[in-house]
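Written below as structure tokens is the structure these notes are about.
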Amino acid sequence: MLSSFFYLIFGIIVIGVIITLLSAWAVKLSNPYRFPYFRYSFDVSGKRNVDLINLIDTFLLDERNRSLLDDYARQLDTWEKQTKAEIESIHFKWLRQKRREQYESILDEDHAYTFSTCRNRTRYNQANYIRTPYTVTFVDQQIQVSLEWLLDRCCQLEKTNFEATLKDWNCKQQRRLMTPKLRKKIAERDNYTCQNCGKYMPDGVGLHIDHIIPVIKGDKTVESNLQVLCSKCNGRKGGR
1 MLSSFFYLIF GIIVIGVIIT LLSAWAVKLS NPYRFPYFRY SFDVSGKRNV DLINLIDTFL
61 LDERNRSLLD DYARQLDTWE KQTKAEIESI HFKWLRQKRR EQYESILDED HAYTFSTCRN
121 RTRYNQANYI RTPYTVTFVD QQIQVSLEWL LDRCCQLEKT NFEATLKDWN CKQQRRLMTP
181 KLRKKIAERD NYTCQNCGKY MPDGVGLHID HIIPVIKGDK TVESNLQVLC SKCNGRKGGR
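Per full-length UniProt numbering, the very first residue in the sequence shown carries number 1; after that it's consecutive.
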């Protein structure tokens, strides 16, 4: 009876040791590498119609932020060199090969830079009829880009002398194309008549030349995107 009990306990201990060793071995063979992403978040609490790409351009306009990206690129290069050297120093060939595969599986340079927008919302805990506020932060939008993508944006921003985002710069350039000659041509084409309510303005008083699709949304100052509106209808459109 005692011997059976002893063998039972001994068997349980042996099984426990085997499970522990297998778990430790599994941990040792698991992937130890984590790709070091660059992360930056914009607080857009209380804001509507947020354009994340435009926010990234705003970020890039600041020379200090461009220096942050340069620092990260150097850190990433150092991390890659150190990790490769560490792998090549492994004595066992099979483990060295496994580490190479694990390292290559987590490389993600096409998405190395993560930009996101976040919003803060107020929530409440209630206890004994007393409400206590606390803040919850959640991610609203997120985009992951490569260094090449950022360099391309910087090259385009450099053409503006880093004075404005590409979206704002495009709007500025498109508005410059709205010449007096073009205004007159559109007014004559539309017979000085509001294309929304039909008001006739032969003297030009209250007559506005409107972009059907706003340039801020990416459209252009071309005849097909222009129309006559009266001041009242144009004001209503702008307030939407």
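All C-beta atoms, glycine included, are put in the ideal place defined by N, C-alpha and C.
A contact is defined here as three or more CB-CB pairs under 8 Å, and the stretch 181-196 fails this definition with respect to the stretch 154-168. If one requires a minimum length of 3 residues, the beta strand (DSSP E) runs lying completely within the stretch 13-87 are 38-43, in chain order.
Apart from the 5 residues on each side of it in sequence, Phe59 sits with its Cβ closer than 6 Å to the Cβ of Asn65 in its chain, given in chain order. Judged by DSSP secondary structure, Ser116 falls within the beta strand (DSSP E) whose first and last residues are 113-127. Within the DSSP bridge table, the entry for Asp210 names Gln227 as partners.
Counting other Cβ atoms within 10 Å of its Cβ, Arg99 reaches 16 or more and is therefore classed as buried. In the structure shown, Gln156 falls within a helical segment according to DSSP collapsed to helix, strand and coil. Counting along the chain, Pro133 sits inside no alpha helix (DSSP H); it lies in the beta strand (DSSP E) bounded by residues 130-145. By the criterion of a C-beta distance shorter than 8 Å, Pro36 is surrounded in its chain by Gln75, Leu76, Trp79, once the five residues flanking it on both sides are discounted. Straight across, the Cα-Cα distance linking Thr137 with Tyr103 is about 33 Å. The three-state reading of DSSP puts Tyr103 in helix, counting H, G and I together. Thr193 sits close to Val228, with the two beta carbons spaced by under 8 Å. Taking all protein chains shown into account, Gln82 has fewer than 16 neighbouring C-beta atoms within 10 Å of its C-beta and is therefore exposed.
Three or more beta-carbon pairs separated by less than 8 Å link the stretch 112-119 to the stretch 133-151, which places the two stretches in contact.
For Pro180, the uninterrupted alpha helix (DSSP H) run begins and ends at 180-189, by DSSP. In the DSSP assignment, the residues bridged to Tyr200 are Thr193. Distance from the CA atom of Asn225 to the CA atom of Asp210, rounded to whole angstroms, is 8 Å. Annotation for Asp168: the continuous alpha helix (DSSP H) segment containing it runs 166-176. If you ignore the 5 residues before and after Val50, its C-beta comes within less than 6 Å of the C-beta of Val44, Thr117, all in its own chain and listed in chain order.
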